[in-house]
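The sequence shown begins at -7 in this note's numbering and counts up one residue at a time.
These notes are about the structure you will find just below.
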Amino acid sequence: MALANPVNYVDANDPPLLFLHGQSDFLVPHGQSVLLYNKIRTSCGNAQFISIPGADHGMADVMDPARFGTQTTYTTTNCGSTTQTGTPNPTWETFERHLRGGLKMGTSCQVSYARTTWTDGFTGTVTIRNTGTTPIDRWVLTWSWAGNQQVTTAWNATVTQSGTQVTARDAGHNAVIGASSSTSFGFEATYSGTNAVPADFKLNGIPCAITTG
C-alpha cells in the first residue's frame, strides 16, 4: 500500500495540483484529500484543494451550481497557505485557470498601446502586463486592425500580419513575464484612412484589458 500511496511521493518539485472533493463522498473518503493537501503544504509544494459540503462522489455532485458559494478553498504556494470560503466555484473555468497557470500561459493581462503618427505611417508601442499570480513563459499576442494598417518592421518581438490579423511572438530574451511584471515591444506600420486602436488584444488566447496613450 505504501508503494501505491501518492502521499509518499509528494515533494516541492511536483507541478501545481488542483483537486475537488465532496465532503459526503461515499467512495473516496474526504479525509484522503485532507492528508494529501497537508503533505503538499508541509513539503512547500503548490496546490489548491476545494472542499464542497454535502457533495457526494462524482462530477455532477461536486460541480452542482446549487452548492456554489458553500465550498472552502485551501491554497498553498511557496511555503505559505490561505483559506477562503465561497470562491472559486468548482467550474470548468476554475479548471482552465489552474491549467493555464500551471502551464505558464497566463490567467489575466493588461495591454498598454501607444502610437506616434505621421502622414501615412506610425510607430506603435505595446506593453504587456501580467496581472495574474503565476509567471508567463512564452507568449503570443494577437489583435485585428479596424482599418488597413500594415506592419512593416518590429523590435523586441516577431510580428507577422495576415489581412487584418496581427500576431506578435516573444523574441526569446523577453519570453518570461513574471507575476505583476511587464514587457514591451514596438513596431512601425503604414496606414491610410482610419488608424483606430484595436478593439481587443489576446495574450495566449485570453482577452486583455486595454489602456491607450
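For every residue, glycine included, the Cβ atom is placed at its ideal position computed from N, Cα and C.
Residue j and residue i - do their beta-carbons sit closer together than 8 Å?
i: F179; j: T115; result: yes
i: A138; j: P190; result: yes
i: T134; j: V103; result: no
i: I32; j: V2; result: yes
i: I169; j: W110; result: no
i: I120; j: T175; result: yes
i: T117; j: A106; result: yes
On the criterion of 16 or more Cβ atoms from any shown chain inside 10 Å, does residue i qualify as buried, or is it exposed?
i: S25; result: buried
i: T126; result: buried
i: Q63; result: buried
i: D193; result: One detail in the question is off: residue 193 reads as Phe in this sequence, not Asp. Buried, because 16 or more other Cβ atoms sit within 10 Å of the Cβ of F193.
i: N(-3); result: exposed
i: F18; result: exposed
i: L(-5); result: exposed
i: M97; result: buried
i: A47; result: buried
i: F87; result: exposed
Could you give the DSSP three-state label for residue i: helix, strand or coil?
i: G113; result: strand
i: Y66; result: strand
i: N11; result: This sequence places Phe at residue 11; Asn is not what is there. If DSSP states are grouped into helix, strand and coil, F11 belongs with the strands.
i: T182; result: strand
i: D53; result: helix
i: V2; result: coil
i: K194; result: strand
i: S25; result: helix
i: F87; result: helix
i: G72; result: strand
i: A(-4); result: coil
i: A58; result: helix
i: Q204; result: For clarity, residue 204 is Thr in the given sequence; the question names Gln instead. Residue state, collapsed to three classes: strand.
i: T34; result: helix
Terminal residues of the continuous alpha helix (DSSP H) containing residue i?
i: T125; result: Unbroken run through T125: none, as it is neither H nor E.
Taking the beta strand (DSSP E) that residue i belongs to, which residues open and close that run?
i: Q153; result: A149 to S154
i: Q157; result: Q157 to D162
i: T99; result: Unbroken run through T99: none, as it is neither H nor E.
i: A167; result: That residue, A167, is in no beta strand (DSSP E); it is neither H nor E in DSSP.
i: V20; result: Per DSSP, V20 belongs to no beta strand (DSSP E) and is neither H nor E.
i: A39; result: A39 to I44
Between residue i and the ligand HEM, is there a pair consisting of the residue's CB and a ligand heavy atom that are separated by less than 7 Å?
i: P21; result: Absence of the ligand HEM from the depicted structure is noted, as is the absence of any ligand whatsoever, leaving it without description.
Subject >> Validate contact between the stretch 194 to 202 and the stretch 145 to 164 using beta carbons, cut 8 Å, 3 pairs >> reply: no
Original post:
For the stretch 64 to 82 against the stretch 39 to 54, are there 3 or more C-beta pairs whose distance is under 8 Å?
Top reply: yes
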